[in-house]
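First up is the structure itself, then whatever we jot down about it.
Numbering (this note's numbering), first residue to last: 31 to 183.
Structure, rendered in structure tokens:
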């Protein structure tokens with residue numbers, strides 16, 4: 031019996047400062063918990079990123095709240111995901127372009143609009159709790175009535 035283990039949300043800003051603070055406020059408003067900060071692994075001069083610079087915020091939610099939040103996000107995607115979103119380990123991920131598309135989120139001019147990524151980790155109870163790609167796709171289709179397309183979009 032496959033189930034939702036956790037849902038991770040990520041907003042990659044690419045720079046520290048005010049934009050990162052605003053992205054953090056969005057995740058805090060959406061999840062009700064203080065998000066963690068991600069750091070750059072290495073310096074990339076062409077992007078203006080220094081090693082260990084704070085460039086993203088992320089948050090992990092579990093339980094029924096994670097299921098409800100996933101439902102809201104999948105509604106934006108019209109319950110349709112490409113097959114390449116699913117990994118062999120039973121996880122799948124997708125992104126949305128504007129956080130204001132989520133039900134209950136309003137546009138605030140002083141915050142702006144951010145895109146975000148959703149990573150869904152599926153699991154099974156017991157010792158051998160690995161989930162295959164096919165099981166994750168079947169869970170997505172049965173739980174949400176989703177459609178998995180073979181091509182990109």
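Where is the CB? At the ideal position from N, CA and C, for every residue including glycine.
- The alpha helix (DSSP H) spanning residue 52 covers which residue range? Note, residue 52: alpha helix (DSSP H), 48–61.
- Query: How long is the line joining the alpha carbons of residue 91 and residue 36, rounded to whole angstroms?
  - Reply: Rounded to whole angstroms, the separation of the alpha carbons of residue 36 and residue 91 is 6 Å.
- Can at least three beta-carbon pairs, one atom from the segment 169–179 and one from the segment 107–117, be found at a separation below 8 Å? Cβ pair count under 8 Å is three or more, so yes.
- Message: I'd like the span of the alpha helix (DSSP H) that includes residue 80, first residue to last.
- Response: From DSSP, residue 80 is part of no alpha helix (DSSP H); its letter is neither H nor E.
- Residues near residue 71 by beta carbon distance below 6 Å, same chain, minus five either side: Taking residue 71 as the centre and dropping the five residues before and after it, the same chain places no C-beta closer than 6 Å to its C-beta.
- Item | Inter-stretch contact at 8 Å, needing at least 3 Cβ pairs: the segment 76–93 / the segment 41–55 | Yes: at least three Cβ pairs fall under 8 Å.
- Query: Does the Cβ-Cβ distance between residue 152 and residue 67 come in under 7 Å?
  - Reply: Contact: no.
- Just mark residue 94 as buried or exposed, buried being the case when its beta carbon has 16 or more other beta carbons within 10 Å. By the neighbour-count rule (16 or more Cβ atoms within 10 Å), residue 94 is not buried but exposed.
- Just curious, the alpha helix (DSSP H) that residue 41 is in, first and last residue? Note, residue 41: premise wrong, no alpha helix (DSSP H); beta strand (DSSP E) at 33–42.
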